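Numbering (my numbering), first residue to last: 35 to 373. Ideal Cβ positions, reconstructed from N, Cα and C, are used throughout, including at glycine. Quantities reported herein were computed from a predicted structural model and do not represent experimental measurements. Below you'll find the structure, written out as structure tokens, and then a few comments.
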């Protein structure tokens with residue numbers, strides 16, 4: 035988890051501002067920015083929803099039941115936090131029907147030619163409040179904000195792992211023939227844990243902002259990937275923010291690192307008893323790469339009393355709590371007030 039010994043923060047040496055999410059969904063607002071809008075024609079229906087205190091899976095269950103279809107036939111571009119007020123697009127194979135639940139509102143709908151697929155979004159816009167700041171928070175914030183601008187370790191947040199998800203994922207990897215409710219999610223949990231282990235070691239060794247021979251690097255503007263053949267040249271490109279190192283999401287389609295970089299990835303995989311191809315779960319985990327550094331766009335930070343008001347845009351798959359934890363240093367990496 036971010037902030038634990040295996041997943042150190044970039045800002046670990048700086049004094050934090052403290053504070054936490056209160057648990058009030060209104061303090062955690064997420065608006066999905068779609069990659070495209072429905073065309074107005076086709077056999078599928080896109081519907082933009084607002085949910086409060088519901089997970090995306092729970093919202094899908096409600097919509098599917100009301101519309102008379104199977105939850106597996108409902109498409110989404112990504113999962114949104116349960117303990118928040120979030121808007122996102124979903125797709126149904128039939129016209130949407132309001133389920134009559136106060137936690138779920140249907141904002142607009144239109145037909146489209148295909149099902150909405152995971153990852154089909156441009157970004158997410160977050161508007162958040164952290165309460166109970168340290169008395170010196172206003173003095174500490176500028177230095178921390180400068181560190182955020184450099185890019186922070188792009189850890190998967192604690193929401194991905196839940197209380198038992200990683201244990202369930204490891205059991206599933208050991209016996210993939212067993213039937214489970216959501217095999218793709220469990221496979222992604224294991225991928226996330228491997229990535230966090232790899233990234234934490236990289237941060238601990240002072241290698242977040244450099245390139246190693248054999249790294250798979252990604253161009254920040256286009257996302258295009260290539261294998262580092264000249265570490266000295268590419269290290270400068272990493273420092274300038276032109277390219278970023280990427281880490282493993284194991285699976286048969288993952289682009290392989292080479293040399294020293296590959297050896298580091300193998301160590302992370304071995305920690306969970308698996309290989310870089312994740313052969314045991316290849317049916318459910320095609321694999322890929324994830325950038326090592328998270329950079330927020332349109333970042334706005336303001337302190338009012340003992341409250342931080344934060345607004346920013348993150349790419350698909352990034353965790354807002356990972357970004358804000360670099361400011362607050364919560365115990366165990368979880369920004370939420372216990373209880």
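{"Asked": "Alpha helix (DSSP H) segments (min. 4 residues) lying fully within the stretch 215-260", "Found": "217-238"}
{"Asked": "Residues near residue 287 in its chain [Cβ-Cβ closer than 6 Å; skip 5 each side]", "Found": "320, 321"}
{"Asked": "In DSSP terms, what residue 346 is bridged to", "Found": "160"}
{"Asked": "Inter-residue spacing [alpha-carbon to alpha-carbon] between residue 255 and residue 275", "Found": "10 Å"}
{"Asked": "Euclidean distance between Cα positions of residue 331 and residue 347", "Found": "5 Å"}
{"Asked": "C-beta contact flag for residue 292 and residue 351 at 8 Å", "Found": "no"}
{"Asked": "DSSP state of residue 289 mapped onto helix, strand, coil", "Found": "coil"}
{"Asked": "Burial state of residue 295, where buried means 16 or more other Cβ atoms lie within 10 Å", "Found": "buried"}
{"Asked": "CB of residue 307 within 8 Å of CB of residue 233, strictly", "Found": "no"}
{"Asked": "8 Å Cβ shell around residue 262 - same chain, five flanking residues per side excluded", "Found": "245, 246, 247, 248, 249, 250, 251, 268, 295"}
{"Asked": "Residue environment, residue 122, which counts as buried when at least 16 other CB atoms sit within 10 Å", "Found": "buried"}
{"Asked": "Environment of residue 226 [buried if 16+ CB atoms lie within 10 Å]", "Found": "buried"}
{"Asked": "Same chain, Cβ closer than 7 Å to residue 229, neighbours up to 5 away in sequence not counted", "Found": "190, 281, 282, 283, 324"}
{"Asked": "Exposed unless 16 or more other CB atoms sit within 10 angstroms - verdict on residue 148", "Found": "exposed"}
{"Asked": "DSSP-derived helix/strand/coil call for residue 189", "Found": "coil"}
{"Asked": "Candidates 118, 46, 45, 167, of which the one nearest residue 337 by Cα", "Found": "167"}
{"Asked": "Cα-Cα separation, residue 178 to residue 237", "Found": "17 Å"}
{"Asked": "From 328, 309, 334, 353, residue whose alpha carbon lies closest to that of residue 184", "Found": "328"}
{"Asked": "CA nearest to the CA of residue 344, picked from 159, 195, 216, 130", "Found": "159"}
{"Asked": "Residue 150, DSSP secondary structure in three states", "Found": "coil"}
{"Asked": "Neighbourhood of residue 305 by C-beta distance below 6 Å, restricted to the same chain and skipping five residues each side", "Found": "231"}
{"Asked": "Classification of residue 222 by the beta-carbon crowding that lies within 10 angstroms, buried from 16 upward", "Found": "buried"}
{"Asked": "Candidates 200, 65, 93, 242: closest to residue 45 by CA position", "Found": "242"}
{"Asked": "For residue 337, the three-state DSSP class (helix, strand or coil)", "Found": "strand"}
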